[in-house]
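Each remark here refers to the structure printed beneath this line.
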């Protein structure tokens with residue numbers, strides 16, 4: 001048996017070298033930020049992202065009594081040259097500092113030094129609904145109910161305090177470690193000072209603008225309701241309602257109220273969307289009336305969601321939920337028992353220190369019950385036909401191949417390599433993958449390939465092409481039959497007879513990786529949301545003399561290079577690559593930004609190799625054990 005070195009996502013301090021490299025691009029951002037008034041200092045850590053004038057970093061207080069990790073929004077004073085910009089910044093701070101609600105991003109403090117202004121905010125480690133949308137394209141109706149109930153609750157608080165947000169959109173609806181909604185970014189928010197007051201400023205995000213804003217006829221709280229309609233539509237349909245190739249056409253569609261609701265959408269959901277997207281503001285429901293809409297009574301609203309929904313559709317095996325679930329396929333709406341003694345392939349000490357992967361926060365709540373085993377059907381398309389996983393995999397692989405081909409053929413890439421410092425402008429921490437393979441153990445000569453995901457869940461792709469995975473809480477088990485039917489059951493139950501041997505083998509793999517390979521994090525305590533979790537699983541793999549190539553059924557392609565222990569993790573939905581270099585620094589880049597700013601020679605070489613491997617996968621057939629069998633003439637040419 002051959003084993004891989006571990007990739008870890010356990011909670012360790014952000015890599016100092018990577019954080020320093022980012023700050024080097026912005027020399028006014030200090031390693032230690034000091035509030036001169038409170039005399040509290042904050043250590044500047046992981047780079048979280050940038051937008052507009054602001055850069056955002058994780059910070060931790062030097063005060064031993066306060067060990068919280070916060071988000072720090074940093075704006076250079078040199079960029080606030082106009083009085084209007086300064087006033088806007090002050091207004092954002094003044095509005096946000098007086099707000100306190102469970103579904104609003106918490107404001108902690110603001111201060112300044114000679115170079116910058118700093119705003120300390122609640123850290124939302126699960127990013128925003130925009131990243132969820134990019135990974136999933138659309139969500140199920142129960143998920144939409146869950147998110148919308150919390151968004152509406154936050155808006156009720158704002159409107160009761162006479163505040164219009166004016167920029168509600170997926171990217172400003174953040175998610176904390178428990179996947180609770182946190183509305184943020186109050187840069188365009190405004191206070192209503194008297195009843196009936198109409199605001200005149202034209203502001204917002206094009207796809208979410210209400211017609212009264214475009215027509216400059218004055219607007220009030222109803223613009224937030226319109227935006228909520230756009231948010232719900234985007235979540236359940238997969239694209240904004242008025243989106244078009246040009247901004248001009250988008251505005252024409254908004255003014256003419258020209259949008260279409262797919263016939264496959266639940267009619268109650270469709271009616272709720274139409275009510276919010278009424279052209280006449282006075283015809284829209286208030287946020288206080290919304291909770292009484294039938295949309296929120298379709299079924300009991302889910303109390304929580306598992307982290308896996310950030311990238312994979314949740315389990316909705318309850319009959320009532322099955323009847324209400326959305327079409328899962330985006331295109332439907334948008335157009336066996338022996339002791340194992342493995343030998344390790346690589347050293348045990350190869351451990352990654354993530355610099356922009358969000359940390360995993362465990363919860364303490366225990367699951368309330370152990371649901372019985374449930375069999376789910378394979379995914380279906382809009383015609384009710386089975387959509388084989390292999391077909392979906394091919395679509396994702398083709399999409400990723402085309403993305404890489406476009407990037408590698410870009411003028412910037414063709415012009416030659418750039419330095420790592422120049423490439424840092426292409427960083428996008430928000431695109432960091434949720435799941436990737438942290439460890440693997442090859443015993444395919446007898447049983448299959450065992451692996452551990454970065455969250456500590458353990459799976460096996462067996463030689464008979466069935467798949468089994470045990471969740472990080474060591475309780476929930478997910479099994480894929482050869483025909484792609486899913487079986488879910490609890491570890492405390494006796495497994496079906498056909499799985500007894502495979503469960504023993506899974507335990508062998510898990511024990512081996514625990515004893516011989518580095519742990520990637522702590523085991524997770526059971527949570528109420530675990531019963532809805534569906535994990536991604538390994539669906540194909542192969543080895544060359546240069547790398548181990550692994551493909552997860554959520555579209556993730558991972559390559560572990562043997563010579564220098566570097567890795568790349570590619571995601572077609574996020575159009576991004578995470579690169580783990582020789583120093584085990586984990587950094588994520590967007591393809592679009594790499595095409596602008598360029599790539600190092602090391603990353604270019606690995607992306608070229610990944611493109612060759614994708615070509616191999618697209619032209620190949622799967623062997624019976626999930627391994628990719630390529631044409632004899634197809635030989636990788638990595639250097």
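Residue numbers (the UniProt record's numbering): 1 to 639. Beta carbons: idealized from backbone N, C-alpha and C, even for Gly.
- The segment 435-450 makes no contact with the segment 482-490: fewer than 3 CB pairs, one atom from each, lie closer than 8 Å.
- Runs of the alpha helix (DSSP H) lying entirely within the segment 376-454 and spanning at least 4 residues, in chain order: 389-408, 411-414 and 420-423.
- The criterion of a C-beta distance shorter than 7 Å is satisfied by residue 533 and residue 308.
- Residue 260 is classed as exposed because its beta carbon has fewer than 16 other beta carbons within 10 Å across all chains shown.
- Distance from the CA of residue 540 to the CA of residue 571, rounded to the nearest whole angstrom, comes to 15 Å.
- Partner residues in the beta bridge of residue 548, as assigned by DSSP, are 543 and 560.
- Going by beta carbons, residue 426 and residue 179 fall outside the 7 Å limit.
- For residue 590, the secondary structure class from DSSP, reduced to helix, strand or coil, is strand.
- In the DSSP assignment, residue 155 falls outside any beta strand (DSSP E) and lies within the alpha helix (DSSP H) extending over 141-160.
- When Cβ pairs closer than 8 Å are counted between the two stretches, the segment 598-612 is seen to touch the segment 412-420, the count reaching three or more.
- In this structure, DSSP gives residue 203 a state outside helix and strand, which the three-state scheme calls coil.
- In summary, residue 39 is exposed, with fewer than 16 beta-carbon neighbours lying within 10 Å of its beta-carbon over all protein chains present.
- The beta carbon of residue 560 sits closer than 7 Å to those of 4, 547, 548 and 567, all from its chain and outside the five residues before and after it, given in chain order.
- By the Cβ rule, the segment 191-207 counts as touching the segment 165-172, because three or more pairs are nearer than 8 Å.
- Straight across, the Cα-Cα distance linking residue 167 with residue 460 is about 45 Å.
- For residue 60, the uninterrupted beta strand (DSSP E) segment begins and ends at 54-61.
- Between residue 146 and residue 305, the gap from beta carbon to beta carbon is short of 7 Å.
- For residue 95, the number of other beta carbons within 10 angstroms of its own is at least 16, and it is reported as buried.
- Assignment of residue 599 by DSSP, reduced to helix, strand and coil, places it in the coil class.
- Scanning its chain for C-beta atoms nearer than 6 Å, with the 5 sequence neighbours on each side dropped, one finds around residue 31 the residues 44, in chain order.
- A Cβ-Cβ separation of about 6 Å places residue 254 in contact with residue 214 under the 8 Å criterion.
- Taking the Cα of residue 233 as reference, the smallest distance to any Cα among 144, 105 and 494 is reached at 144.
- For the pair of segments examined, the segment 502-517 was found to touch the segment 441-458: the number of CB pairs separated by less than 8 Å reaches three.
- Judged by DSSP in its simplified three-state form, residue 124 adopts coil rather than helix or strand.
- By the criterion of a C-beta distance shorter than 6 Å, residue 628 is surrounded in its chain by 540, 542, 617 and 620, once the five residues flanking it on both sides are discounted.
- Residue environment analysis places residue 292 among the exposed positions, since fewer than 16 neighbouring C-beta atoms fall within 10 angstroms of its C-beta.
- Burial of residue 558 is indicated by the presence of at least 16 other C-beta atoms within 10 angstroms of its C-beta.
- Check the Cα spacing between residue 302 and each of 583, 142 and 556: the tightest is with 142.
- The beta carbon of residue 575 lies closer than 7 Å to those of 403, 590, 591 and 592 in the same chain, with the five residues before and after it left out.
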